[in-house]
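Chains as they are written, first to last, in this note's numbering: chain E, 1 to 567; chain R, 568 to 656. Before any comments, here is the structure.
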């Protein structure tokens, strides 16, 4: 047996070995046999049996969802059962079987007719097309004798293969059992990639169609550094893959070589991200993206549910600081119950703090109350609240007034609370220009470099054609960072960074030279950045930053950085 | 054949949970139950596909009809579902 190698995009500098578990394998059917070879009676019985099995599965999933998420979300499974038993569906399938099609083909064609019909409609009805597709795929899978892959109960050491992974798929994954994952589609910024980085799992995405040639149960080595998947790895490849991640994890806070302590924190979205961030040695959470609490559900989380999520984060980092970013959504996010407007340019539209002040004022109130209560939870750590997409002083003043107002409400209601640290994301050019004025209103800044680069350079994130412009090594981005840090100089305001730039260990020295006090990143690179901090000398870092700031092109910035590494 | 015109109270109209409950109720009776717009063609009320395919929004009126021994009881039960706000279903 020789090794086979498949190439893709590596998204974490980690590697691992395990056995392939295909998630939702391709349900494409072979061509149907000739009608005279089909036993209609037997096929009808198979169809009936498949419906029974599917109904039992749905019942189980309904119960699990009701328990884990809530009754509202579980109701979607009732609709699935009803589609399964719908007379139009059952009659349609039986008719097609009578015409000489095997059960799976009859199911596929009958459902597809309705899927198409619903796809052509608007709004709520188009969503039904997704439900129908789900029910169709379930029946076809049952008929094909396929076992359902339960992402929550994978065998230890599984490497999950999938066409793509959605947030609801990954929410079920038990990271303890996953040795890595590989997807057919997707790039560096796909959900699967972000997920892999926050859980510190080896992952390769965007391998392409050839991934389908790898079968369930085959052993693979996943090399997330070079973006390679090795099927049937030989002994030396295996060993290399297992030993690949040789960086030392430090659980204590680190200081530069000359003794300046720097906070190195983790970015998290879901609860599942908390443990990996702690395992990789994060001092705290520098960015808790709360939108994941709001996605993939039928109604917003209530105050108690949010309170519990924030407390869980605090308890994971008993000595550290947890910075919670208030809900940051806009027209690009599919959240049904928010009724988000369709906008021509959602990234310049009503999003982030703009929605929180109005029209999502009620959600903002619930979130701020939950945060005020969580801040009183005594773990020894600190809670901080951070506003997204701030562009004016007015927004910050208005938000702080609400925070104070809700604190008064809690006081009157006799509910325990504490006022958390209060800060803003600096991710618009306006915030960078106004940083000195904003500094008078806040306790901290956190520079979100992904959006800052996008807005400073007017170069859309994720658009490969302008990727070079939107790069955080552009001198204009560096100067916006410096302007922000300078504005906080001489005040009590601390300045952190929570974009991807903060997690690039090759830039740690530059960032410390620019004057950042805190760096927050996906769990995976925390050890590398901590290592880089300890190797940095503040005086030399400042000189490096000055040279980089005097550069007038991105190439010059890169030259400055390369020369520094070589010297 | 007994029939009634009823206003759909749930905000979501005949979608998601209200539709689910409506179809479930229609299936509990032996009568053949139909539903549709006030002045349009009626469809099988026991079919989730047919019911959601109507695209009825909250506040609209629908006509329900039933034929069979328990027709009146079926209409009573369906009228109740249509008149109950979503959060009380």
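We put the beta carbon where it would ideally sit given N, CA and C, even for glycine.
Residue 251 (chain E): buried (16+ other C-beta within 10 angstroms of its C-beta) or exposed?
-> Label assigned to residue 251 (chain E): exposed.
Beta-carbon separation (whole angstroms), residue 507 (chain E) vs residue 256 (chain E), contact threshold 8 Å | That pair is no contact at about 15 Å.
Taking the DSSP output, what are the residues bridged to residue 601 (chain R)?
-> The secondary-structure analysis by DSSP pairs residue 601 (chain R) across a beta bridge with R:611, R:632.
Closest Cα partner of residue 259 (chain E) within the set E:17, E:537, E:303, E:420 = It is E:537 whose Cα lies nearest to the Cα of residue 259 (chain E).
Using a Cβ cut-off of 9 Å, pull out every chain A residue sitting near residue 616 (chain R), in sequence order please.
-> Going by chain labels, chain A is absent from the structure shown, which instead holds the protein chains E and R.
If you draw a straight line from the C-alpha of residue 26 (chain E) to the C-alpha of residue 215 (chain E), how long is it?
-> Caution applies to residue 26 (chain E), whose pLDDT of 49 falls short of 50 and renders its modelled position unreliable; the model cannot decide the point.
Length-filtered (3 minimum) beta strand (DSSP E) runs lying within the stretch 263-322 of chain E = Listed in chain order, the beta strand (DSSP E) runs fully inside the stretch 263-322 of chain E are 285-289, counting runs of at least 3 residues.
Closer than 7 Å, CB to CB, is residue 137 (chain E) near chain R or not?
-> Output row for residue 137 (chain E): interface = no.
With 8 Å as the C-beta to C-beta threshold (strictly closer), list the residues of the stretch 615-647 of chain R near chain E in chain order.
-> Cβ proximity to chain E below 8 Å picks out 615, 616, 617, 619, 620, 622 from the stretch 615-647 of chain R.
Roughly how many angstroms separate the alpha carbons of residue 453 (chain E) and residue 33 (chain E), rounded to a whole number?
-> Roughly 57 Å separates the two Cα atoms.
Does the separation of the CB atoms of residue 431 (chain E) and residue 390 (chain E) fall below 7 Å?
-> Yes, the Cβ-Cβ distance between residue 431 (chain E) and residue 390 (chain E) is below 7 Å.
At what residues does the alpha helix (DSSP H) containing residue 574 (chain E) begin and finish?
-> A question about residue 574 (chain E) goes unanswered here, because the residues of chain E that appear run from 1 up to 567.
Could you check which residue in E:465, E:285, E:303 has the C-alpha nearest to that of residue 383 (chain E)?
-> Nearest to residue 383 (chain E) by C-alpha distance, out of E:465, E:285, E:303, is E:285.
Touch test, the stretch 622-640 of chain R against the stretch 96-110 of chain E, Cβ-Cβ under 8 Å, three pairs minimum = By the criterion of at least three beta-carbon pairs nearer than 8 Å, the stretch 622-640 of chain R is not in contact with the stretch 96-110 of chain E.
The stretch 580-612 of chain R: positions lying closer than 9 Å to chain E by Cβ = Those would be 580, 582, 583, 584, 586, 587, 588, 590, 591, 594, 611, in chain order.
Residues, ordered as in the chain, of the stretch 420-446 of chain E that lie near chain R by beta-carbon distance below 8 Å = Listed in sequence order: no entries.
Is residue 115 (chain E) near residue 133 (chain E), with beta carbons less than 7 Å apart?
-> Against a cut-off of 7 Å, the Cβ pair of residue 133 (chain E) and residue 115 (chain E) comes out as a contact.
Does residue 257 (chain E) have its Cβ less than 7 Å from a Cβ in chain R?
-> False, the Cβ-Cβ gap to chain R never drops below 7 Å.
Tell me which same chain residues have a C-beta within less than 7 Å of the C-beta of residue 400 (chain E), skipping the five on either side of it?
-> The residues are 422, 441.
Complete beta strand (DSSP E) runs within the stretch 97-163 of chain E (minimum length 3 residues, chain order) | With a minimum length of 3 residues, the unbroken runs of beta strand (DSSP E) contained wholly in the stretch 97-163 of chain E fall at 158-162.
Rounded to the nearest angstrom, how far is the Cβ of residue 311 (chain E) from that of residue 377 (chain E), given a contact under 8 Å?
-> Yes, residue 311 (chain E) and residue 377 (chain E) are in contact; Cβ-Cβ is about 5 Å, under 8 Å.
Cutoff 7 Å: residue 26 (chain E) Cβ touching any chain R Cβ | Residue confidence for residue 26 (chain E) is low, a pLDDT of 49 falling below 50, so the modelled location carries little weight; the figure read from the coordinates is stated next. Look at residue 26 (chain E): its C-beta is not under 7 Å from any C-beta on chain R.
Return the residue from the list R:616, R:611, R:598, R:623 that minimises the CA-CA distance to residue 636 (chain R).
-> Closest by alpha carbon: R:598.
Under the rule that 16 or more other beta-carbon atoms within 10 Å means buried, what is residue 588 (chain R), buried or exposed?
-> By the 10 Å Cβ count, residue 588 (chain R) comes out buried.
Using a Cβ-Cβ cut-off of 7 Å, state whether residue 336 (chain E) counts as contacting chain R.
-> For residue 336 (chain E), the answer is no, since every Cβ of chain R falls outside 7 Å of its Cβ.
What do you get for residue 12 (chain E), buried or exposed, if any count of 16 or more other CB atoms within 10 angstroms of its CB means buried?
-> Residue environment: residue 12 (chain E) is assigned as buried (16 or more neighbouring CB atoms within 10 Å of its CB, all protein chains considered).
Which word fits residue 563 (chain E), buried or exposed, when buried means at least 16 other C-beta atoms lie within 10 angstroms of its C-beta?
-> Its Cβ having fewer than 16 others within 10 Å, residue 563 (chain E) is exposed.
Please confirm whether residue 20 (chain E) and residue 80 (chain E) have their CB atoms less than 7 Å apart.
-> It is not a contact, given that the beta carbons lie outside the stated cut-off.
What do you reckon, are the CB atoms on residue 10 (chain E) and residue 204 (chain E) nearer than 7 Å?
-> Cβ atoms of residue 10 (chain E) and residue 204 (chain E): closer than 7 Å.
Could you tell me the distance, in whole angstroms, from the CA atom of residue 641 (chain R) to the CA atom of residue 602 (chain R)?
-> In a straight line, the C-alpha of residue 641 (chain R) is about 12 Å away from that of residue 602 (chain R).
Contacting residues, own chain, Cβ-Cβ under 6 Å from residue 607 (chain E) (five flanking each side not counted) | Since the displayed chain E opens at 1 and closes at 567, residue 607 (chain E) lies outside it and no answer follows.
Interface residues of chain R around residue 362 (chain E) at Cβ under 9 Å?
-> Against residue 362 (chain E), chain R offers no close residue; the least beta-carbon distance is about 16 Å (beta-carbon pairs closer than 9 Å).
Use the C-beta contact count for residue 88 (chain E): other C-beta atoms within 10 angstroms, 16 or more gives buried, fewer gives exposed.
-> Around the beta carbon of residue 88 (chain E), a 10 Å sphere encloses 16 or more other beta carbons of the protein chains shown; the residue is thus reported as buried.
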